[in-house]
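*Asks:* Numbering of the sequence shown is given in the working numbering, commencing with residue 1 and proceeding in unit increments. Beta carbons: idealized from backbone N, C-alpha and C, even for Gly.
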Amino acid sequence: MKNNIILTCLILAITFIGCQKDDEYDAPNSFSDVGWYIGYPVNPLPDTLLINKDDYISFSDLSQSATTHKWEIESGNFFLDHPIKRNDSVFDDKIIGSGSIADKTVSVWFRKSGFNKVKFINTFKEKVTFRGPGFTIEADSVGPGEWLIDNTFVVDVYDSIVPIIRIEQDGVVLDHENPNDTIFVEAGGSLDFFDLTTQGRPDDWEWSIGGSRNFEQNPTIVLKKLGTFQGQLELRRAGLNIPGDYEQYKIPAPFKVIPSSQPFVVIPEDIIELEDQTIQVPFNGEFAPFLNQKQYFTVTLNGVETTNFDLAINSNDATILDIKFNETIYRNDTITVSYDGNGTLESTDTRSPVAFGPETVKMFQHEVVVFDFEDGGVNWTAHPENLATTTITPSTEQAASGAFSLKVDAAASGNWSSFRNLVDQYSLTAGVKYQMEYKIYKVAGAAINMNGPWIAKDGGGTVVQFWNNTVKDAPADTWVTVSPGGRYTAAETADFYEIYIRHNGQGVLYFDDIKILITDER
1 MKNNIILTCL
11 ILAITFIGCQ
21 KDDEYDAPNS
31 FSDVGWYIGY
41 PVNPLPDTLL
51 INKDDYISFS
61 DLSQSATTHK
71 WEIESGNFFL
81 DHPIKRNDSV
91 FDDKIIGSGS
101 IADKTVSVWF
111 RKSGFNKVKF
121 INTFKEKVTF
131 RGPGFTIEAD
141 SVGPGEWLID
151 NTFVVDVYDS
161 IVPIIRIEQD
171 GVVLDHENPN
181 DTIFVEAGGS
191 LDFFDLTTQG
201 RPDDWEWSIG
211 GSRNFEQNPT
221 IVLKKLGTFQ
231 GQLELRRAGL
241 NIPGDYEQYK
251 IPAPFKVIPS
261 SQPFVVIPED
271 IIELEDQTIQ
281 VPFNGEFAPF
291 LNQKQYFTVT
301 LNGVETTNFD
311 LAINSNDATI
321 LDIKFNETIY
331 RNDTITVSYD
341 GNGTLESTDT
351 RSPVAFGPET
361 VKMFQHEVVV
371 FDFEDGGVNW
381 TAHPENLATT
391 TITPSTEQAA
401 SGAFSLKVDA
411 AASGNWSSFR
421 NLVDQYSLTA
431 GVKYQMEYKI
441 YKVAGAAINM
451 NGPWIAKDGG
461 GTVVQFWNNT
471 VKDAPADTWV
481 TVSPGGRYTA
491 AETADFYEIY
501 IRHNGQGVLY
511 FDDIKILITD
521 ER
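Here it is as structure tokens:
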């Protein structure tokens, strides 16, 4: 930040933040007033000024009829001689002192990082008051005919970023600073990276190594490509309204990715359908290019074997095989994938994939909104008509996913128990068909005769009700997924839709993962 004091700025400062004497105006030669101007780009001034180390800020005393005046700064910082040109960046030859100075206008060169203070001290023959935006500072009497007013400006000085990192492999700290010590990693293996940087206070990270990138502060990075690579960390200070900085750290030790000693296997829990109906089958290593391997895979669609698909390596990630159907598939389809192990597929480090399957594909959910209560269940309340009989509380006692669910305790037998969320509204689109799905857990002894989730709007107005009797005979003490059979085609595009759920029964229930889904079914 290079600040130049411009006469018009001083005039504006006097006009807009100038201060008034407490007493009546007497005559031109007896008028006393206190004011200052700071060459800082944010108006109004924050409580703490922010600046990079080795930059400067200019301060001007705009007071009238002060009997004494001085600026005080802390040791390690310096006052600079004027003029200072816009492009000046080296100031050693402009230092005119430290400690205190009586000049009306000063430029302070901040050489010390952390919190620094600049103190303004003036005395007057009469009492004066500084009136700033939302605050005042009154002069204190320090003797007959002598009034003191002072103010301390706090400046947070950001140092240059100096990277410090740590690298671990299976919990063992590695020497990454010696360029002659190679770090060996098996293909598909991982390293743990830690940014320990404190100087410069970075808030943005980019790690890159062997074609892998990560934007976390302390990531675990999986290395897949064979070869020798140099890693690096780019650190930035990019927060809003703070001085920016950037530093690149090239890790001295090279990384060598060698063939894995582990089996080349599928990751079954991650076999998923994407929104574009591509099925992704991930492995723990990269595939070498291949041709004509489809016949070694068995794919079933709703229990019937099919060959109506194409098989290829994912263009962005060679650890993934893409299965693309040549027909439309739906959310309520059941698809399985198997590999018999007899193909000529190989990883880039010459391993053959292990046979697997059948594994069931996780189908794309077409979710519009999900209430999973991981925010602690805020904004959920019992319906006013049930406040006396029903308690609604977020709970960690049971959870279908994550840590939280919503506990509903209905004490009165045979009464309707209702709860809703009128705050966290969501959007639906006219002409699109929707359905609901949620998970419910009945504590032993609870009884449910009827369950009725509703799509509501603006304060509980009913849009559609999805009545359901299937939970009546659902087992106790286990999570059950409820998919009411009703469908709703939105009549209007709006963002005022709400959730409202009723049930007829007694006892303790838990609800989790309440979803509104776009209907996608065969």
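(1) Do Pro254 and Thr350 count as a contact pair if the criterion is CB distance below 8 Å?
(2) Can you grab the Cα-Cα spacing for the pair Thr136 / Trp36, in whole Å?
(3) Kindly provide the ranges of any beta strand (DSSP E) runs that are 3 or more residues long and lie completely inside the segment 54-124, ordered along the chain.
(4) Roughly how many angstroms separate the alpha carbons of Asp103 and Ile38, rounded to a whole number?
(5) Measure how close the beta-carbons of Leu187 and Val257 come, nearest whole angstrom, since I'm counting them as under 8 Å.
(6) Okay, do the segment 351-371 and the segment 383-391 touch, 3+ Cβ pairs below 8 Å being the bar?
(7) Please work out which residues of its chain come closer than 6 Å, Cβ to Cβ, to Ala411, disregarding the five sequence neighbours upstream and downstream, and give them in chain order.
(8) Nearest-angstrom Cα distance between Val480 and Ser190?
(9) To which residues of the same chain is Ile100 closer than 6 Å at the C-beta, ignoring the five residues directly before and after it?
(10) Take the Cβ of Phe16 as the centre, count every other Cβ of all protein chains shown within 10 Å, and call the residue buried at 16 or more, exposed below.
(11) Looking only at its own chain, which residues have a Cβ that is under 6 Å from the Cβ of Phe78, when we skip the five neighbours before and after it?
(12) Between the alpha carbons of Asn116 and Leu50, how many angstroms are there, rounded?
(13) Relative to the C-alpha of Asn332, which candidate in Pro268, Leu301, Thr429 and Thr306 has its C-alpha closest?
(14) Using three-state DSSP, classify Lys294 as helix, strand or coil.
(15) Using a Cβ distance threshold of 8 Å, determine whether the segment 315-323 contacts the segment 272-292, with at least three qualifying pairs required.
(16) Does the structure place the segment 212-221 close enough to the segment 133-151 that three or more beta carbon pairs sit under 8 Å?
(17) Between Thr152 and Asp192, how many whole angstroms is the CB-CB distance? I'm expecting something under 8 Å.
(18) Please state the DSSP three-state secondary structure of Val443.
(19) So what's Pro268 in DSSP terms, helix, strand or just coil?
(20) Can you tell me the Cβ-Cβ gap for Leu233 and Pro133, rounded? I've got them flagged as a contact below 8 Å.
(21) Closer than 8 Å by C-beta to Thr105: which residues in its own chain qualify, once you throw out the five before and the five after it? Chain order, please.
(22) Out of Asp458, Asp477, Thr478 and Asn449, point me to the one whose CA is closest to Trp467's CA.
(23) Helix, strand or coil for Asn386? Go by DSSP, reduced to three states.
(24) In whole angstroms, what separates the C-alpha of Asp33 from that of Leu45?
(25) With burial defined as no fewer than 16 other Cβ atoms inside 10 Å of the residue's Cβ, what is the status of Ser89: buried or exposed?
(26) Classify Pro289: buried if its beta carbon has 16 or more other beta carbons within 10 angstroms, exposed otherwise.
(27) Going straight from the alpha carbon of Arg487 to that of Glu367, what length do you get?
(28) CA-CA distance, Gly505 and Phe373?
(29) Verify whether the separation of the beta carbon atoms of Tyr500 and Arg420 is less than 8 Å.
(30) Suppose the cutoff is 8 Å on Cβ atoms and the five residues either side in sequence are ignored; what does the same chain contact list for Asp26 look like?
(31) CA-CA distance, Val157 and Trp205?
(32) Should Asp93 go down as buried or exposed, given a rule of 16 or more other Cβ atoms within 10 Å for buried?
(33) Could you spell out the range, first to last residue, of the beta strand (DSSP E) harbouring Thr524?
(34) For Arg201, report the span of its beta strand (DSSP E) as first-last.
(35) Cβ atoms of Asp520 and Tyr438: under 8 Å apart, would you say?
(36) In angstroms with no decimal places, state the Cα-to-Cα distance between Thr198 and Asp159.
*Replies:* By the coordinates alone:
(1) Their beta carbons are not under 8 Å apart, which means Thr350 does not touch Pro254 by this criterion.
(2) So the two alpha carbons sit approximately 13 Å from each other.
(3) Listed in chain order, the complete beta strand (DSSP E) runs (minimum 3 residues) inside the segment 54-124 are 56-61, 68-73, 78-80, 95-97, 105-109 and 114-124.
(4) Straight across, the Cα-Cα distance linking Asp103 with Ile38 is about 14 Å.
(5) Sequence inspection shows Ala at residue 187; the Leu mentioned does not correspond to that position. A Cβ-Cβ separation of about 5 Å places Ala187 in contact with Val257 under the 8 Å criterion.
(6) These segments do not touch.
(7) So the list reads Thr389, once near-sequence residues are dropped.
(8) Near 37 Å, if we compare the C-alpha coordinates of Ser190 and Val480.
(9) The displayed chain sequence assigns Ser, not Ile, to residue 100. So the qualifying residues of the chain are Lys70 and Glu72.
(10) Note on Phe16: pLDDT 34, under 50, position unreliable in the model; the coordinate value appears next. Counting Cβ neighbours within 10 Å, Phe16 comes out exposed, since fewer than 16 surround it.
(11) Excluding residues within five positions, the ones whose Cβ falls inside 6 Å are Ile95, Ser98 and Trp109.
(12) Between Asn116 and Leu50, the alpha-carbon positions lie close to 10 Å from each other.
(13) Cα-wise, what sits closest to Asn332 is Leu301.
(14) Note: Lys294 maps to helix in three-state DSSP.
(15) Result yes; three or more Cβ-Cβ pairs closer than 8 Å.
(16) The answer is no - the segment 212-221 does not touch the segment 133-151, with fewer than three Cβ pairs under 8 Å.
(17) Going by Cβ atoms, the distance from Thr152 to Asp192 rounds to 44 Å, so no, they are not a contact pair.
(18) The answer is coil: DSSP assigns Val443 none of H, G, I, E or B.
(19) Here Pro268 sits in helix by DSSP.
(20) Leu233 to Pro133, Cβ: 42 Å. No contact.
(21) For Thr105, where only same-chain residues beyond five positions count, the Cβ hits under 8 Å are Ile5, Ser58, Phe59, Ser60, Asp61 and His82.
(22) Taking only the C-alpha atoms, the option nearest Trp467 is Asn449.
(23) Asn386: helix per DSSP, three-state reduction.
(24) One C-alpha to the other measures close to 20 Å.
(25) Ser89 should be labelled exposed.
(26) So Pro289 counts as exposed.
(27) Cα-Cα distance, rounded: 14 Å.
(28) Each residue's Cα considered, the two are about 23 Å apart.
(29) In terms of Cβ geometry, Tyr500 and Arg420 form a close pair [threshold 8 Å].
(30) In this prediction, Asp26 has a pLDDT of 42, which is less than 50 and means its spatial position is unreliable; nothing more can be read from the coordinates.
(31) Approximately 21 Å between the Cα atoms of the pair.
(32) It is exposed - the Cβ of Asp93 has fewer than 16 other Cβ atoms within 10 Å.
(33) Residue numbering for the chain in the displayed model covers 1 to 522; residue 524 lies beyond these limits and cannot be assessed.
(34) Going by DSSP, Arg201 is part of no beta strand (DSSP E) at all; its letter is neither H nor E.
(35) No. Outside cutoff.
(36) Going by the C-alpha atoms only, they are around 10 Å apart.
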